[in-house]
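If you read the protein sequences in the order shown, they are chains A and B. Counting along the first sequence from 1, when you hit position 310 you're at 310 in the working numbering, and nothing is skipped either side. Counting along the second sequence from 1, when you hit position 65 you're at 65 in the working numbering, and nothing is skipped either side. No residue lacks a Cβ here, since even glycine has one placed at the ideal position from N, Cα and C. All remarks here apply to the structure that follows.
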Amino acid sequence: MRLLRLTLIAAVCAVTVAACGSSGSSSSSATSSSSASSSSSSSSSGISLVGLANTKPDPSAQHFGGTLNIISGEGWEHLDPGASYFQIDYLVVYATQTPLYTFTPTSDTPQPLLASGPPAISDGGKTVTVHIKSGWKFSNGGTVTSKDVEWAFMRMFNSNVQNGYAAGYFPIVGANPAATTDAPISGISTPNTTTIVFHLTKPFGPTMADALTLPGTSAIPYGSTTKADKSSPSTWDSNPTSQVFTGPYMIQSYKAGQSLTLVRNPAWNRTLDGIRPAYADKIVWNAGADPTVAARQTLDSTNLLMADGPPAAVLQQAYTSKKSQLSVAPLGIYYASLNTTVPPFNNLDLRKAAIAAQNRSAYLLARGGPLVGHVATHFIYPEVPGFQQAGGDAGFNQDYISHPTGDMTVACKYMKLAGYPNCKYTGGYGQYGSVLIVGSNIAPGPQEMQIVQSGLNALGFKTTIKAVPQQTMYSKFCGYVKAHVNVCPTAGWIEDFPDPYAALFVPFSGEAIVPINNSNWPVLNDPAVNKAIDNAAAISNLNARYQAFAQADKMIVDDAPAIPEVWADNALVEGSKVKGVLDPWNDDWNLSFSSPS
Amino acid sequence: MGRYIIRRLLWVIVLLIVVSAVTFLIFYELPSANPAVLRAGRSPNPALIAAISKSLGLDRPIYVQYWLYIKGIVLHFNFGYSYQFSLPVRTMIFQRLPATISLTVGAVVIWLLIGIPIGIISAVRSRSVMDRTAMGGALLAISAPSYWLGLVALYLFANDIGIVKIFDGAGTYTGLTADPGRWFGSLLLPWIVLAAAFAAFYSRLLRSNLIETMSEDYIRTARAKGLSERRVIWHHGVRAAITPIITVLGLDIGTLLGGAVLIETVFNIPGVGRLAYMGIENADLPVIQGTVLFGAFFIVIANLVVDIVYAFLDPRVRYA
C-alpha cells in the first residue's frame, strides 16, 4: 500500500520527449511481473531497451567480496522491520532481516526464506500455518523460534511501532490495530518452536501468503523490544545499530539521513538461507545527495549504485550515451481521482465524459515522455500479475478510454446521457461552487492540474485549481474524506508485493476507506467491486485468481472513478563495473544479489 | 557597558520566546498538515490518530500545548522527535552542527581574505582597470545563484565528475576529528563557492566605505603630518571604514550557522541547513521548528556580539 513518491519520476521535460524518439504506442507488454527491462527488446512504451543494463542475477559473472557503494538523494525513514514501509528502506531491511517469504529478482511467487516451505492454507482460507527453518540464528547468537515470529506480529499491531499495512494484510482474529503495547494476539498460536498458526477473520489465506513477504514478518527476539515499544514512537527505530539481525548483513553504523554501513552478519548461514548470495563483504551508503549531482557521479563512476531515479536531464544523457549503465523497469501507476460521492462526479456518466475528454497523452509528456512510462487504460499495471488477463495495454476497450488524446464525440455522448444535450455542464457543484482540483505543487503536479482542468473546461465545468505541498495534499485534502475534493490529479500507487490485490484493494475498495490519510481518493464504495476483490483474494489457484482480479479491474474501470494517466517506468543508473540486480516488485536494487563486480 | 549587555541578553530571551511562539503558531495551529496524521503513517484508523493526538498533546488548548513545548525546551532542552526519523531533534541538530560550523568558519576566512584586500585595493586605485575588473567580477559573483555556482563548480572541478579534476566532489565530507586532511579537502570547493558572493559583496562594501573615508579631513591631516600612505590607509582609513563590515559579518555568520541550505544540499554536506531542507520536504514539523529556533538563536546572539564588538572598535559608540 505504498503511495508513489512523485519525486521518483523525472520532472517536466518536453525536450526529452523529442530526443527519446517515437512517442510509443502500445508494444510488447510484460508478461510476467518479474520481467526486467532486458528481457525484451523494447519497454512497454516502445522505447528501445537494447543495450540497457542487465539487471538480472548472473552468478557465473558475479564475484564475492569487496564493498558495494550506494548513493541516494533520499534518506531512510524506518529501519525497524516492523515500521519499514518505504522503497528505500526496503533495500536495507531485506538485506538485514529475514521475512517468512520473499520474492526474488527472478520469481513472482513467494519463496520460503525463514519459512521451510509454502504456507498451508486450510479452513476455507481462514487458517494459515507456517513452519520455519530450524537453526536460524539471530546476530546476538540466539536461535529463531516461532515465538519470535509471533512477537513480530504483536509489534506490527502496536500503534507505537506505526506499521502501515498490518491491519490491511493480516486480518488475524484478536488483532487490535489501535493497541499501544506489544499485546498477545489470540488468533496466533505457536504449537511448537518451528510452527506458527494464524487464524483469520475472513478467508484471506491466499492473499496473506503473499503478504508474508513483507518485512514486518521478520523474527524479532521475543520480548526484546518491550521497553522501546512503550514509547510513541517506538525508540527501537531510533538506533538501528542496536537491533538484532537475521539477514546476511547487519547495520554497523547509521546516521539518519546521512550514511549507513552494512557488514556481514557472522551468525547468518548461507546454506540455510538458500536464496540470498550476499556477494559484498560491506555495503556503504551515502544519502542526502543532490539528485543531479549523484546521478552524474554514478554514471561517471565504476562502482556506484544510485538507489533513486535520476532527474530528467541526466536520464536523457544516460539513455543517449551510457545505456549499459541504465535500467528501465515498470514501477506503478498514476491517475487522477474523481470523487464519486459529491457533485458533479457522483454521476457515472459525467465521470465517463470527463475521462473521454482528457488528453491522457499529455500526462505522459508532463512526466517526461515515453522513457518514463506509457498511457494507462486500466488499473492493474504492467508489473502486476493479472495485467495480461486484464487486456494488457489495450485494456477493456471502453469507448471513453480508447483514445489517449481524448475524444470529444464520446465525451458528448456521455454528457447527453447525463442529461446535458448541449454537451456542456450546467448543473450544480458541491461546497466549493466549482470542481475543486487539488494537486502537488512540485512538478509535474501543476502541469497535471492544468491538463485535467483543460479537459473539464471543454465540457463546460467550472474549475478551481489548488496547488499544495505533497503532505498537505495527502493529509488535508485528497486523503481527507471530509474535504470532498473533486479531482486529485497526482494520485499514484505502487503495489506492496506483486499481486493484484495489493494493486487494487486500498485505492479502490470501499472497505479500505478511512476518514484521514485515506488512499481510496475517489472514495469509491461499490459493493459489487468490494465483493469481487474480496472473492478474488480468497482464490488460491493463480490463473483463476488473476482472472478474478482482472474482472474486478474491469468493474473498477466501468465505475470510472479515476482517469488512468500513466503506467510508470522507473529508471535507475549504476557505475560502469558494478553489477546491480533489480527487485522488479520494488523496482530498486536488491543488495543481497548485487555485487561490486 | 555591563548594564547594556545584561539588557540585551534579556531582550534575546524575549526575542526567542516571540520566535518560538510564532513558529509554534505557524506549524501547529496553521499547519500545512495534521501533525497526528503525519505521525500516524499510511491508512491509519481513527483510533490510532486519536491516540497519537493525545500523546502529542494535540487535544489540549493551544496555550497549554505551547507551555508544554516551551517547558520541554527550557527544562530539558527537548525539541521533540522527528516524524521522519523518530530521533530527538536536538540530537539530530547537534550531530550536524559541526559540519555547518566547519562550512561557515572556512568560508568566512576565505571571503575575508579575498574580499578585504580587493576592497582596499579597489578603493585606493579606484577607476583603474584593476578596480573595474574586480568590481565587475564582484557583480558576477553576487548575481550568480549559489546553487547554480555550486553545480557549475562541481562540473568543472570535482575530481569525480569535473573536467579539471582538482577538488573533492560532493558527498565526500568527513568530520575534522575523523580525518583532518580529508575534512579540509572535502570543504575546499564548498568554501570557495559559499565565499564567492560574500567576498564580492564585502569588497564592494569596503571599497565604497573606504573611498568615502579617504576623502575625510583627518585623512588629509594625517598625510600632512607626513605619515606614510600605507599607515594612512591601514591605521586611519581602513579602521574607520571597516566597522560596517563587522556589523554585516556578524549577521552573516549568524545566518550561516543556521544552515547554508543550498550549499549543503549541492555538496551533500550533512549540516543543519540540509536537515532543515529535509524537514521542509517531508513536512517534519519538529525538525522545522527546531532548526528555525536554532537559526534564530544564532542570529540574535550574533547581533549582540556585533554590537559589543562595535563599541570596542569605535570609541565614539557608547551604550547607555
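- Message: Please tell me whether residue 170 of chain B has its Cβ less than 7 Å away from any Cβ of chain A.
- Response: yes
- Task: Would you mind working out which of A:318, A:131, A:386 sits nearest residue 108 of chain A, comparing C-alpha positions?
- Result: A:386
- Query: Who are the neighbours of residue 296 of chain A on chain B, taking C-beta pairs under 7 Å?
  - Reply: 161
- Message: I need the straight-line Cα distance from residue 131 of chain B to residue 225 of chain B, nearest angstrom please.
- Response: 28 Å
- Helix, strand or coil at residue 121 of chain A [DSSP, three-state]: Residue 121 of chain A falls in the strand class under three-state DSSP.
- Task: Determine whether the Cβ of residue 286 of chain B lies closer than 7 Å to any Cβ atom of chain A.
- Result: no
- Message: What would DSSP say about residue 264 of chain A, mapped onto helix, strand or coil?
- Response: strand
- Output, in chain order, the set of chain A residues within a Cβ distance shorter than 9 Å of residue 197 of chain B. Those do not exist, as residue 197 of chain B stays about 19 Å from chain A at its closest Cβ, beyond 9 Å.
- Are the region 327–346 of chain A and the region 564–572 of chain A touching, with three or more C-beta to C-beta distances below 8 Å? yes
- Query: How close, in whole Å, do the beta carbons of residue 220 of chain A and residue 197 of chain A come, if the pair is a contact with beta carbons under 8 Å?
  - Reply: Taking C-beta atoms under 8 Å as the contact rule, residue 220 of chain A and residue 197 of chain A fail to qualify, at a distance of about 19 Å.
- Alpha carbon to alpha carbon, how far is residue 65 of chain B from residue 192 of chain A? Give it in angstroms, no decimals. 49 Å
- Quickly, what does DSSP pair residue 374 of chain A with across the bridge? List them, please. Answer is A:567, bridged to residue 374 of chain A.
- Message: Taking 7 Å as the threshold (beta carbon to beta carbon), is residue 289 of chain A in contact with chain B?
- Response: yes
- With DSSP run on the structure shown, which of helix, strand or coil describes residue 578 of chain A? coil
- Query: Per DSSP, residue 332 of chain A forms a beta bridge with which residues?
  - Reply: According to DSSP, residue 332 of chain A bridges with A:568.
- Does the separation of the CB atoms of residue 304 of chain A and residue 71 of chain A fall below 7 Å? yes
- Item | Proximity of residue 615 of chain A and residue 75 of chain A at Cβ, strictly below 7 Å | Nothing about residue 615 of chain A can be read from this structure; chain A reaches only from 1 to 597.
- Message: Run through the DSSP bridge pairs and tell me what residue 152 of chain B is partnered with.
- Response: As far as DSSP is concerned, residue 152 of chain B takes part in no beta bridge.
- Check whether the region 141–153 of chain B touches the region 193–204 of chain B, taking contact to mean three or more Cβ pairs, one atom from each stretch, closer than 8 Å. yes
- Give the residues of chain B in contact with residue 300 of chain A, contact being defined as C-beta atoms less than 7 Å apart. 160, 161
- Item | Residue closest to residue 259 of chain B, alpha-carbon to alpha-carbon, out of B:14, B:97, B:10 | When each option's Cα is compared against that of residue 259 of chain B, the closest is B:97.
- Task: Could you run through the region 176–196 of chain A and flag, in chain order, every residue whose CB is less than 7 Å away from some CB of chain B?
- Result: 177, 178, 180
- How about residue 268 of chain B: is its C-beta nearer than 7 Å to some C-beta of chain E? The structure shown contains no chain E; its protein chains are A and B.
- Task: Buried or exposed for residue 157 of chain B, please, with buried defined as at least 16 other CB atoms from any protein chain shown within 10 angstroms of its CB.
- Result: Buried, by the Cβ-count rule.
- Task: Please report how far the alpha carbon of residue 584 of chain A lies from the alpha carbon of residue 382 of chain A, in whole angstroms.
- Result: 11 Å
- Item | Beta carbon of residue 600 of chain A nearer than 7 Å to that of residue 326 of chain A | The first residue shown for chain A is 1 and the last is 597, placing residue 600 of chain A beyond what the model contains.
- Message: For a cutoff of 7 Å on Cβ pairs, would you count residue 258 of chain A as touching chain B?
- Response: yes
- Mind listing, in chain order, the continuous alpha helix (DSSP H) runs of no fewer than 4 residues lying wholly within the region 264–348 of chain A? 270–273, 291–300, 312–321
- Confirm, please, whether the CB-CB distance from residue 95 of chain A to residue 456 of chain A is below 7 Å. no
- Message: Can you pull the chain B neighbours of residue 75 of chain A, defined as C-beta to C-beta under 9 Å?
- Response: 84, 85, 278
- Task: Run through the region 207–271 of chain B for me and flag every whole alpha helix (DSSP H) of 4 or more residues, listed as ranges in chain order.
- Result: 217–224, 243–257, 261–266
- Query: Does the beta-carbon distance from residue 82 of chain A to residue 164 of chain A come in below 7 Å?
  - Reply: no
- Query: Looking at the structure shown, is residue 52 of chain A part of a helix, part of a strand, or coil, going by DSSP?
  - Reply: coil
- Query: Roughly how many angstroms lie between the CA atoms of residue 19 of chain B and residue 294 of chain B, to the nearest whole one?
  - Reply: 10 Å
- So, are the CB atoms of residue 98 of chain A and residue 282 of chain A less than 7 Å apart? no
- Query: If you pair each beta-carbon of the region 357–376 of chain A with each one of the region 421–435 of chain A, do three or more pairs fall below 8 Å?
  - Reply: The region 357–376 of chain A makes no contact with the region 421–435 of chain A, as fewer than three CB pairs between them are under 8 Å.
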